[in-house]
Every structure is written in C-alpha cells, then in structure tokens.
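This report refers to the structure that appears directly beneath it.
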Amino acid sequence: NAGVTQTPKFQVLKTGQSMTLQCAQDMNHNSMYWYRQDPGMGLRLIYYSASEGTTDKGEVPNGYNVSRLNKREFSLRLESAAPSQTSVYFCASSERGAQYFYGYTFGSGTRLTVV
Amino acid sequence: ILNVEQSPQSLHVQEGDSTNFTCSFPSSNFYALHWYRWETAKSPEALFVMTLNGDEKKKGRISATLNTKEGYSYLYIKGSQPEDSATYLCAFGNTGNQFYFGTGTSLTVIP
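Chains as they are written, first to last, in the numbering used here: chain A, 1 to 115; chain B, 1 to 111.
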C-alpha cells in the first residue's frame with residue numbers, strides 16, 4: 001500500500017548512543033516532516049523539508065539532525081541520545097503547500113526509549 | 001509557542017449516543033484547521049481540512065464546523081459506533097507554514 005514507511009518501529013538506546021530513524025514515502029510528495037509525541041503534549045515539529053534539497057528547523061530541533069536524501073527519503077539522526085529524547089517519533093509527508101488543503105500522511109511511528 | 005487546546009481530554013459514550021468535542025486555537029494568522037482520526041497502533045489519518053470561516057464538512061456520521069473569528073472548531077459524531085473509538089486530533093495551521101497540534105480527545109464507544 002502507498003504511504004509513509006518508518007523504520008525501526010521500536011528502539012532502545014543507552015544515553016550517548018547515536019541512531020538514525022528512517023522514513024520513506026512513495027506518494028511523490030515534495031514535503032516531509034518529523035514530529036515527536038510526548039505524553040500530555042501535542043505532536044511537535046522537529047524538522048521539516050519543504051522540498052528535496054532543503055531542510056528547516058521546527059519547534060523542537062535541538063539534539064537532532066536531518067537529511068533529505070532524495071525526494072522519497074527523510075532521515076532523523078540523534079547524535080548523542082539523551083533520556084529527554086524518549087518519545088514516539090512520527091514522519092509525515094504532503095505535497096508542498098497542500099498540507100493546507102489535504103492534510104498530512106503519517107507513518108506508523110517509532111517508539112524510542114533512551115535509558 | 002502557540003496553544004491549541006482540545007476538550008474534553010477523554011470521553012466514554014454508549015453505542016448510539018451522539019457526541020461532540022472542541023478544538024480551540026488562536027484567532028489570528030489563521031490558515032487552516034485539520035482534524036485527524038488516530039486509532040490505536042495506527043497512524044493519524046486526515047478526516048477534515050477546513051480553511052474558511054463558517055466551513056462545515058461531513059463524512060458519513062462525522063461532521064465538523066469552523067469559527068476562525070473566535071478560534072474554535074467542533075467535531076460531531078452522530079450515533080456513535082464502537083469503530084469510532086479513537087483519538088481525534090486537531091491541528092492549527094498559521095500563515096507561517098507550520099501546524100500546531102492539540103493533545104487530542106480520546107473517544108471510547110461502549111457497545
């Protein structure tokens with residue numbers, strides 16, 4: 001089925017370890033996003049890529065880096081994981097500007113625990 | 001930080017009951033309002049996207065209204081069914097190309 005695919009689905013890291021969350025979409029969308037979800041808070045934007053070759057910071061970018069590898073793929077990297085980064089991470093995509101008219105398509109999430 | 005508030009936080013209703021919940025958002029710099037349906041262990045799925053004050057959207061038994069001047073949107077479910085059980089998220093989009101999500105209303109429909 002067409003959509004947004006995230007890997008891995010679950011991950012446990014030790015403090016200080018690094019990892020990359022992968023995201024790929026097959027809908028030919030221009031824009032891709034990374035959100036995190038924490039208990040009692042709404043989804044918060046970490047980084048986004050409005051189009052291939054561009055990336056911008058969202059609301060909570062500290063401690064993360066991103067790479068828009070090509071039009072399909074947008075990865076999120078934690079260089080030195082901290083317990084405060086324990087969260088559920090969602091990747092999303094949309095046609096550029098179309099998020100105002102059609103909404104986002106979300107992946108199924110990655111549950112990350114940092115111990 | 002923009003505040004998007006949803007109420008109530010959770011709701012239990014009997015099958016067949018109608019229900020509604022609220023999303024409140026800033027009334028300035030409005031561009032769009034999304035409603036998503038989020039079932040457990042799945043991804044959020046877009047239900048409605050509304051951009052104009054006074055918009056009303058309907059999909060089956062679910063409908064939504066929008067008041068941008070006072071900064072609120074209502075989601076209504078008529079004759080709730082167990083398959084309606086989910087978390088309903090709203091997201092406010094402003095002219096700054098960013099969306100801000102509420103914490104959601106968790107709906108449980110009891111058979």
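Every residue, glycine too, gets a C-beta built ideally from N, C-alpha and C.
Counting only C-beta atoms, is residue i closer than 9 Å to chain A at any point?
i: residue 89 (chain B); result: yes
i: residue 54 (chain B); result: no
i: residue 98 (chain B); result: yes
i: residue 112 (chain B); result: This structure cannot speak to residue 112 (chain B), because chain B is shown only from 1 to 111.
i: residue 59 (chain B); result: no
i: residue 39 (chain B); result: no
i: residue 36 (chain B); result: yes
i: residue 106 (chain B); result: no
i: residue 46 (chain B); result: yes
i: residue 68 (chain B); result: no
i: residue 65 (chain B); result: no
Tell me residue i's beta-bridge partners as DSSP assigns them.
i: residue 66 (chain A); result: A:76
i: residue 56 (chain A); result: A:48
i: residue 20 (chain A); result: A:77
i: residue 56 (chain B); result: B:65
i: residue 86 (chain B); result: B:107
i: residue 98 (chain B); result: Residue 98 (chain B) is not bridged to any residue.
i: residue 9 (chain B); result: DSSP output for residue 9 (chain B) lists no bridge partner at all.
i: residue 45 (chain B); result: B:37
Tell whether a beta-carbon distance below 9 Å holds between residue i and residue j.
i: residue 52 (chain B); j: residue 75 (chain B); result: no
i: residue 104 (chain B); j: residue 89 (chain B); result: yes
i: residue 92 (chain B); j: residue 8 (chain B); result: no
i: residue 5 (chain B); j: residue 79 (chain B); result: no
i: residue 33 (chain B); j: residue 63 (chain B); result: no
i: residue 101 (chain A); j: residue 92 (chain A); result: no
i: residue 24 (chain A); j: residue 55 (chain A); result: no
i: residue 49 (chain A); j: residue 32 (chain A); result: yes
i: residue 37 (chain A); j: residue 43 (chain A); result: yes
i: residue 70 (chain A); j: residue 52 (chain A); result: yes
Grab me the residues of residue i's own chain with a C-beta within less than 6 Å of its C-beta, minus the 5 sequence neighbours each way, in chain order.
i: residue 94 (chain B); result: 29, 31
i: residue 39 (chain B); result: 86
i: residue 84 (chain B); result: 77, 109
i: residue 111 (chain A); result: 10, 88
i: residue 106 (chain B); result: 10, 87
i: residue 20 (chain A); result: 75, 77
i: residue 12 (chain A); result: 113
i: residue 94 (chain A); result: 29, 31, 104
Determine whether the Cβ of residue i lies closer than 9 Å to any Cβ atom of chain B.
i: residue 63 (chain A); result: no
i: residue 4 (chain A); result: yes
i: residue 110 (chain A); result: no
i: residue 105 (chain A); result: yes
If I measure Cβ to Cβ from residue i and keep anything under 8 Å in the same chain, skipping five residues before and after, which residues do I get?
i: residue 2 (chain B); result: 25, 26, 92, 94, 100
Take residue i and list the residues in its own chain whose beta-carbon comes closer than 7 Å to its own, dropping the five residues that flank it on each side.
i: residue 86 (chain A); result: 112, 113, 114
Given a limit of 7 Å on CB to CB distance, which residues of the region 34-52 of chain A reach chain B? The residues in question are 40, 41, 42, 43, 45.
Of the residues that make up the region 87-103 of chain A, which ones have a beta carbon closer than 9 Å to any beta carbon in chain B? 90, 92, 97, 99, 100, 101, 102, 103
Taking only beta carbons into account, state which residues of the region 2-31 of chain B come closer than 7 Å to chain A, listed in chain order. 4, 31
Looking at chain B, which residues of the region 68-84 of chain A have a Cβ within less than 7 Å of any of its Cβ atoms? none
Please list, in chain order, the residues of the region 8-23 of chain A that have any C-beta partner in chain B closer than 8 Å. Here the close residues number zero.
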